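*Asks:* Residue numbers (my numbering): 22 to 170.
Pasting in a structure now, in structure tokens, and then I'll have a few things to ask.
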């Protein structure tokens with residue numbers, strides 16, 4: 022008998038909640054967890070991807086992170102093929118002036134050149150953002166389905 026795998030939903034709204042309950046310095050950690058969850062084979066169907074981004078995240082104390090969350094949501098929607106949620110168009114999800122991450126001129130040039138459209142149009146130049154990882158082996162989950170908790 023095969024074990025049933027339960028994958029808890031991990032949303033951008035949860036990322037913001039975790040950061041607000043913890044510390045802004047852990048934002049990268051929670052985003053990595055989100056990308057791990059998004060990459061899981063049981064989370065790959067369009068409806069699961071949409072559910073991961075549809076609820077608006079609470080605003081964080083750092084505007085760059087609010088913009089980043091909107092950029093991620095829009096990039097995921099584009100990559101999977103559905104309309105981004107309406108909250109990504111709110112003014113607080115855009116920066117008034119360009120922010121280019123990186124210290125050196127060469128790094129900044131790379132960030133500008135490699136930034137995807139959803140971040141670029143928000144004035145956040147952060148380089149290429151990986152939306153998926155290869156942590157999970159597809160063959161381990163081929164015949165499995167999920168049941169509700």
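Glycine included, each C-beta is placed from N, C-alpha and C at the ideal position.
If you're wondering where the values come from, they're calculated on a predicted model, not measured in any experiment.
Looking only at C-alpha atoms, which of 142, 35 and 118 sits nearest to residue 72?
*Replies:* Nearest option by C-alpha distance: 35.
*Asks:* Return helix, strand or coil for residue 94, following the three-state DSSP convention.
*Replies:* Three-state result, residue 94: helix.
*Asks:* Helix, strand or coil for residue 145, going by three-state DSSP, please let me know.
*Replies:* Reduced to three states, the DSSP call for residue 145 is strand.
*Asks:* Quick check: residue 137 and residue 146, are their CB atoms within less than 8 Å of each other?
*Replies:* Contact flag unset, no.
*Asks:* Which residue marks the beginning of the alpha helix (DSSP H) containing residue 70, and which one marks its end?
*Replies:* Run containing residue 70: 67 to 74, per the alpha helix (DSSP H) assignment.
*Asks:* So residue 144 and residue 119 are supposed to be a Cβ contact under 8 Å. How far apart are they, rounded?
*Replies:* Contact flag correct, Cβ pair sits at about 5 Å.
*Asks:* How long is the line joining the alpha carbons of residue 75 and residue 117, rounded to whole angstroms?
*Replies:* For residue 75 and residue 117, the distance between alpha carbons rounds to 24 Å.
*Asks:* If you draw a straight line from the alpha carbon of residue 101 to that of residue 127, how long is it in whole angstroms?
*Replies:* Each residue's Cα considered, the two are about 32 Å apart.
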